[in-house]
Every structure is written in structure tokens, then in C-alpha cells.
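Residue numbers for the sequence shown follow the working numbering, beginning at 343 and rising by one. Virtual Cβ for every residue (Gly too), placed ideally from N, Cα, C. Here is the structure we will look at.
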Amino acid sequence: MDNPPAAPALSKRAELILKLAMALLGPLLMLALLEGVAFVWERGQANGPFAWELVASRRIELVEYPQPGAGYTLMKPNRHYEWGGIPVDINAHGLRGPETGFDKPDGVYRILNLGDSVAMGWGVRVEETYGQQLAQQLNAEATGTRYEVINAGVPGWNLENELAYLQAEGLKYQPDLIVLDVTVVNDIYGKSALVAHKRPPLIEWLRAHTYFWPFLSVQLRWAQARAQGRERIDVIDPPYEADKYFPLQETAPRWNAIWGEIEAMNRLAQENGAQFVLLLFPLEYQVLDETYPTTPQKVLSARAAEAGIPALDLLPAFREACLHKPGVPCTLEDHYLFADVWMHPSPLGHRLAMEALHKTFIP
């Protein structure tokens with residue numbers, strides 16, 4: 343009986359390829375498993391109490407526009423997200439809200455709601471934002487004029503970015519009123535959106551296109567926080583010290599730089615026949631503690647009065663709302679006036695802003 347032919351021996355090249363494949367297979371399988379675990383973790387976080395801080399803050403896709411001036415960013419057009427059960431739809435202009443063309447129809451009074459993530463509606467539904475509440479209220483009362491509010495708020499913007507956007511695109515909407523949201527928490531020291539989070543390209547790619555990288559980054563931060571005896575990581579642990587947010591001295595040079603950006607926006611509004619209004623959003627610490635410094639409100643309100651610019655300080659309205667809160671008094675992170683651990687208003691906080699605007703400035 344003839345013996346079966348022997349299997350041909352692998353060539354050295356084939357053996358090398360096989361060894362490399364086997365060597366890579368283990369790590370790739372581990373990476374795939376880690377990616378799956380991280381995906382499940384992120385899905386859980388996206389519906390958890392810190393959905394916006396831990397997930398939304400890195401998943402919103404931004405497009406950079408380096409000109410004019412400091413430049414600005416817009417959210418990537420025609421995207422849909424959902425965090426904490428709240429849908430977020432980005433229109434063709436890279437903004438949150440209904441599709442609105444630049445051309446203003448006859449009989450329309452148009453309001454450009456300019457700001458950062460507060461104006462955008464971080465942590466609330468779009469219909470709960472003060473801009474959309476204002477449009478709904480005005481149109482319910484209107485007898486002839488129709489009101490439109492453009493939600494020109496993008497997460498990460500500072501005043502430089504808002505000025506650049508106003509120059510490049512905002513004025514194309516032909517606004518009759520420009521409302522500038524000034525957020526005490528991060529508008530005073532906040533860096534331009536184009537430079538605030540510059541990372542190496544590989545890290546940016548991993549953050550945007552994988553689940554395992556953000557997962558590992560957050561776990562590392564938790565480990566570091568626990569080693570330091572802290573209960574939270576930085577992104578969900580805002581500092582209490584006022585000087586982390588703004589200069590305590592009313593004569594600090596930083597106020598001149600901030601006011602210069604505001605003045606430039608006011609000039610643009612005047613040159614284009616629009617009214618200009620400042621809307622000052624407080625820290626939660628300011629609302630709860632009457633001894634907490636209020637330097638930004640004092641400085642900006644005083645300078646606005648000198649310049650003849652209407653300014654609305656929302657701190658008194660927020661404090662008043664806490665006095666009338668049903669049941670127990672306002673406490674830190676009770677989500678009564680603020681939607682998250684930072685400064686973003688809750689639906690009620692947005693309503694207070696809408697009521698202040700409606701009562702004081704709308705013709």
C-alpha cells in the first residue's frame with residue numbers, strides 16, 4: 343500500500359507570515375474585546391447622570407474656521423445625537439435648531455442668540471432653551487410680526503469666537519436683536535475653541551473614532567483622583583474657588599480684554615441696525631452663597647451702563663427662584679436651576695432667562 347504524499351513544507355517566508363499573524367492575533371482580539379467593553383460602558387454613560395460631561399463633550403463633531411480674527415468652530419452639519427434621552431439635531435448651518443436661511447422674510451423680527459453651550463442648550467431639549475422659549479412666547483402674543491430666534495451657540499466658544507462668527511456668518515441672518523450670552527464660569531478665562539484642546543493628531547483620532555481610548559482615559563483619571571483622595575475627576579468636579587473662574591479685582595487687566603470683545607460686537611450690531619443686549623449667566627455657587635464674589639456682574643454691568651448697552655444680570659432672578667422653590671431649599675447639584683454640575687441652566691433656568699428678556703427688551 344502506497345503511503346500518502348507528505349504535505350509540502352512551508353517556505354520560510356510563509357512561516358514568517360504565519361508567526362507574525364499569530365503574534366498579532368492575540369493583541370487584536372484583546373483590543374476588540376476592550377472596544378466592545380468600552381462601547382457598552384459609553385452607552386451606559388450616555389444615559390447616566392453625567393452623560394453630557396463624559397460623553398457629549400467629546401462626541402460632538404466640530405468643524406474649524408480659522409478666519410476672521412481668532413476664528414470659530416461650528417458643529418458638523420446634519421448630525422443627530424442623543425444623550426440622557428435628549429435628542430440633539432444639528433442643522434445645515436452647523437447650529438442646533440430649526441433650519442433657517444440667511445434671507446429674512448418680510449414681517450419677521452429676527453433675534454440672533456449668540457453664545458456658547460449655554461445658548462446652545464447643553465443638557466436640555468432644544469424647545470426648552472431660552473431662545474426657543476422666547477420665540478414661542480413672542481409668536482403666541484404676536485398679531486402681525488413673526489419672530490425667529492437663531493440659536494447661534496456652539497460648545498467651547500469664547501467671546502473671541504463669538505465675535506469671529508458674528509463677523510463671518512451671524513450678520514448674514516440680518517438680525518434685529520443680538521443677545522450675547524456671557525457665562526461667568528468660562529467666558530472670562532476661556533480659551534479660543536480653536537486652541538483650547540489642541541492634542542496630537544493621533545490622540546484626536548483615537549478620541550473621535552474609538553471607544554476604548556476615551557474609556558481608558560477616564561479610568562486613568564478616576565485612578566488618579568482616588569489616589570489624591572478625591573471623589574470625582576475634574577470634568578465633573580468644578581472648583582469652588584472664585585479666582586479659578588475670573589479675576590477678583592475689578593481693575594484687573596483681563597476685564598479690559600473681555601470688554602474689548604463685547605464692545606466690538608456692539609459696534610457691529612449698531613453698524614448693521616441691530617439692538618445689542620448682554621445676558622449674564624451666574625455660577626451655581628453665586629446663587630447658593632450670597633458671600634460668593636460677583637465681580638463679573640459688577641464689572642460688566644457697570645461698563646455696559648457707561649456704554650449704553652442693556653445688560654441683564656440673571657443672578658437676582660436665580661436667587662429669587664431658589665427662595666420660592668417648593669419643599670426643600672436649593673442645594674448644590676439639585677438640578678433645579680442648573681442641568682449639570684457646571685453652569686448650564688435647567689429648563690427652569692432657561693425660562694428665567696426668557697422671562698427677563700421678554701419683560702425688559704423685546705418691543
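- Residues of the same chain with a CB within less than 6 angstroms of the CB of Y587, apart from the 5 flanking positions on each side, are V527 in chain order.
- Taking the Cα positions, T633 is about 13 angstroms away from Y582.
- With contacts defined by Cβ atoms closer than 8 angstroms, G457 and G495 form a contacting pair.
- Contact check for L654 against Q628 fails: the beta carbons are separated by 8 angstroms or more.
- One alpha carbon belongs to V524, the other to M372, and they sit about 47 angstroms apart.
- When DSSP states are grouped into helix, strand and coil, G457 belongs to the strand group.
- For M607, the enclosing alpha helix (DSSP H) begins and ends at P595 to E613.
- Closest in C-alpha terms to A659, from the list E626, N420, A649 and D676, comes E626.
- Within the same chain, P652 and L654 come within 8 angstroms of T702 by CB-CB distance, once the 5 residues on both sides are set aside.
- Relative to the Cα of L694, the nearest Cα in the group D682, L674, A663 and W684 belongs to A663.
- Inclusion of Q617 and L519 in the CB contact set at 8 angstroms is warranted, their separation being smaller than that value.
- Listed as beta-bridge partners of M417 by DSSP are L404.
- For H686, DSSP assigns no beta-bridge partner whatsoever.
- Annotation for V521: no alpha helix (DSSP H) segment contains it, though the beta strand (DSSP E) segment containing it runs L519 to T525.
- Residues F444 of the same chain have their beta carbon placed closer than 7 angstroms to that of K514, with the five preceding and five following residues left out of the count.
- If you look at I492, you'll find it in the beta strand (DSSP E) that goes R488 to G495.
- Taking one beta carbon from each stretch, the stretch 630 to 646 and the stretch 584 to 598 have 3 or more pairs nearer than 8 angstroms; the two touch.
- Straight through space, the alpha carbons of E592 and A644 are spaced by roughly 11 angstroms.
- CA-to-CA, the gap between P580 and V683 works out to about 7 angstroms.
- Under the DSSP assignment, A482 falls in the alpha helix (DSSP H) whose first and last residues are Y472 to E483.
- Taking a C-beta distance under 8 angstroms as the contact criterion, L679 and P687 qualify as a contact pair.
- In this structure, A356 keeps its C-beta atom at 8 angstroms or more from the C-beta atom of F557.
- With contact defined as three or more Cβ pairs closer than 8 angstroms, the stretch 484 to 491 and the stretch 446 to 463 are in contact.
- Contact between K446 and Q516 holds, with the beta-carbon distance rounding to 4 angstroms and staying under 8 angstroms.
- With a cutoff of 8 angstroms on beta-carbon distance, L622 and V521 are scored as not near each other.
- When the five nearest sequence neighbours on each side are left out, no beta carbon in the same chain lies closer than 6 angstroms to the beta carbon of D576.
- The Cβ-Cβ distance between L437 and M696 does not fall below 8 angstroms.
- In the DSSP assignment, A653 falls within the beta strand (DSSP E) that extends over A653 to D655.
- Taking all protein chains in view, the Cβ of A461 is crowded by 16 or more other Cβ atoms within 10 Å, so the residue is classified as buried.
- Bounds of the beta strand (DSSP E) holding F623 are Q617 to F623.
- Counting only residues of its own chain and dropping the five nearest sequence neighbours on each side, L690 has a CB closer than 8 angstroms to the CB of A663, Y678 and L679.
- Within a 10 Å sphere around the beta-carbon of W555 sit 16 or more other beta-carbons, which makes this residue buried.
- CA-CA distance, G473 to V641, rounds to 25 angstroms.
- As the crow flies, the alpha-carbon of E469 is around 11 angstroms from that of N493.
- In the DSSP assignment, E424 is bridged to P429.
- Per the C-alpha coordinates, the member of A681, L610, G378 and V397 positioned closest to V560 is V397.
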